[in-house]
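Protein chains: 2
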Amino acid sequence: MNDIFKALNDPTRREILELLKSKDLAAGEIATHFNISKPSISHHLDILKRADLITFEKKGQFIIYSVNTTVMEDVLQWILTFKK
Amino acid sequence: MNDIFKALNDPTRREILELLKSKDLAAGEIATHFNISKPSISHHLDILKRADLITFEKKGQFIIYSVNTTVMEDVLQWILTFKK
DNA sequence: TTAATATTTAGATATTTGTCTAAATATATA
DNA sequence: TATATATTTAGACAAATATCTAAATATTAA
Chain U
1 MNDIFKALND PTRREILELL KSKDLAAGEI ATHFNISKPS ISHHLDILKR ADLITFEKKG
61 QFIIYSVNTT VMEDVLQWIL TFKK
Chain H
1 MNDIFKALND PTRREILELL KSKDLAAGEI ATHFNISKPS ISHHLDILKR ADLITFEKKG
61 QFIIYSVNTT VMEDVLQWIL TFKK
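If you read the sequences in order, they're chains U and H.
For the first sequence, position 57 (counting from the first letter as 1) is numbered 57 according to the working numbering, and the numbering increases by one without interruption.
For the second sequence, position 31 (counting from the first letter as 1) is numbered 31 according to the working numbering, and the numbering increases by one without interruption.
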């Protein structure tokens, strides 16, 4: 849970998740959406990976990333405990 | 939204919210639940306040804090956009 | 008014974080 | 094999963060 909130606590990472919401993308394609270097994006992807918020699959020389909605469920449940 | 995720990205602050979920509490009462100095707790409360995740009311020399569930709704909606 | 209690503000410091460039690794293509 | 492309890893650095102690502010009670 700590890793998840940590991962969500960055606008770039949240935007990456929004991008992946509509379409799986390669790391490079993700990077082109931001004015940030590829190594930095790679680092953000790593943090999202550690939080299990994204999954990836190697396709030749590309690495395709997808959002993992099952982890979102955990956050959802936590939030819901505050609704009365 | 940035302020909310920032506020949620700390185990102490999340625990403060959980405490307030069951009962409104004074700043000092909140502080006794942690092995952290009162000024540090005050700082955490300030961050939660800025995110509008808690509200407060002055009662004599005490300041009573409550969780604000309406802001939780915003996070909830954001998370829900990932559920298909 | 003076002393005690509750809380915050100020200032300092060590740790964490986001970013960069340069280099390394892996795969595909000529 | 040699070269180009895709991505990550390593290392450095500035900015943000969580914590502390000491001091300031506000309220209550003697």
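We put the beta carbon where it would ideally sit given N, CA and C, even for glycine.
Contacts around residue i, its chain only, beta-carbon distance under 7 angstroms, and the 5 residues preceding and following it disregarded
i, result
"residue 33 of chain U", "19"
"residue 3 of chain H", "50 and 51"
"residue 74 of chain U", "1 and 4"
"residue 14 of chain U", "8"
"residue 43 of chain H", "none"
"residue 12 of chain U", "34, 36 and 44"
Where residue i falls, given that 16 or more other Cβ within 10 Å makes a residue buried
i, result
"residue 36 of chain H", "exposed"
"residue 72 of chain H", "buried"
"residue 8 of chain U", "buried"
"residue 80 of chain U", "exposed"
Nonlocal neighbours in the same chain, by C-beta distance under 8 angstroms from residue i, ignoring five residues either side
i, result
"residue 63 of chain H", "26, 27, 56 and 57"
"residue 23 of chain U", "none"
Where the beta strand (DSSP E) through residue i begins and ends
i, result
"residue 66 of chain H", "62-67"
"residue 55 of chain U", "54-59"
Neighbourhood of residue i by C-beta, 6 angstroms cutoff - its chain only, sequence neighbours within 5 removed
i, result
"residue 47 of chain H", "7"
"residue 17 of chain H", "67"
"residue 38 of chain U", "31"
Span of the alpha helix (DSSP H) around residue i
i, result
"residue 9 of chain H", "Segment: none, residue 9 of chain H is in no alpha helix (DSSP H) and carries neither H nor E."
task = Jot down the residue ranges of each uninterrupted alpha helix (DSSP H) in the stretch 11-46 of chain H, minimum 4 residues, whole runs only, in chain order.
result = Listed in chain order, the alpha helix (DSSP H) elements of length 4 or more contained wholly in the stretch 11-46 of chain H are 11-22 and 27-32.
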